[in-house]
Amino acid sequence: MSMNGVYLRFTPAELDRALREPDWAEEFAEELLEAESDSGRLPSTARSHHTGAAWHGLDFLLGRHGFPVDVVHGEEEIPGAEEWGYGPPRFLPPGRVRAAADAFAGLSPGALVDGVTAADLVAAEVYPVSQWTDEYSLGLVTACVQPLAAYVRSTSLRGHALLMWIA
C-alpha cells in the first residue's frame, strides 16, 4: 500500500466547525470522500483531490522552487485531531489558498523540474525512492501539478479552505 496525498475543500463555516470539533471533521471528510470516490468530477468542481504517491516529489520540487505556501502538508494543524493516516490533517485557510493559487499561476510544470534529475530525488530520499528510476519518472510528479493548480484555483475562487493529509 502506498502513501497518498489527499485534499478536501471546506467552506469557512465547515473549517470553523472542524477546528472546534475534529471528530466531526473526520466523519464529514469520510462522507465527502465516499460521495466522490467514483464521481469522475473535474478538479474545478470536486470537493476532493488526490496527488497519489507523487505528494513527496511534489513537495521536494515545490520547496526547491521556493513555492510560498505548503500545499502538500498544509500550514496549520486541526487542534485535537487524531491521525487520519500518516499524521493528523492540516489546513490552509482561504487567504493562504488564494496565495497558493496566485503562486501556481506563475509556475509551469517544466520550470518545476528544470535542472532536476531522478538521481536528485533518490539522493534526497523522496518517497517512494524506488520510483525514481529515470528522467521519465519525473513526469509522474509534473503530471500532478496542473490538476492540483486547477483544484487550488477553484477552491480559492470559492473563498474556501483546504484540508490535507497523507493517507
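Plus 2 on top of the position in the sequence shown (first one is 1) and you've got our numbering. A virtual CB, placed ideally from N, CA and C, is assigned to each residue, including glycine.
PRO14 has its alpha-carbon roughly 32 Å from the corresponding atom of TYR129.
In the three-state reduction of the DSSP assignment, ALA163 falls in the strand class, which pools E and B. Remark: C-beta atoms of GLU77 and ARG98 approach each other more closely than 8 Å.
Taking all protein chains shown into account, GLY59 has 16 or more neighbouring C-beta atoms within 10 Å of its C-beta and is therefore buried. TYR88 has its alpha-carbon roughly 23 Å from the corresponding atom of TYR153. Note that the region 134-143 does not touch the region 65-73; fewer than 3 beta-carbon pairs, one per stretch, sit closer than 8 Å. Counting other Cβ atoms within 10 Å of its Cβ, ASP40 stays below 16 and is therefore classed as exposed.
Following the DSSP letters along the chain, one finds GLY7 inside the beta strand (DSSP E) bounded by residues 7-12. Approximately 11 Å separates the beta-carbon atoms of LEU150 and LEU114; this is outside 8 Å, ruling out the contact. A buried status is given to TRP167, since no fewer than 16 other beta-carbon atoms sit within 10 Å of its beta-carbon. Beyond the five residues adjoining it in sequence on each side, ALA120 comes within less than 7 Å, by CB distance, of TRP134, THR135, ASP136, GLU137, SER139, LEU140 in the same chain, given in chain order.
Restricting attention to ALA83, VAL124, GLY82, PRO96, the CA atom closest to the CA of VAL73 is found in PRO96. Cα atoms of VAL131 and VAL124: separation of roughly 6 Å, rounded to the nearest angstrom. The shortest CA-to-CA distance from ASP25 to any of PHE93, PRO81, GLY117, GLN148 is the one to PRO81. Counting only residues of its own chain and dropping the five nearest sequence neighbours on each side, LEU34 has a CB closer than 7 Å to the CB of LEU10, ARG49, SER50. For HIS162, the closest C-alpha among the options ALA102, PRO111, ALA126, SER110 is that of ALA102. Counting only residues of its own chain and dropping the five nearest sequence neighbours on each side, ALA37 has no CB closer than 7 Å to any other CB.
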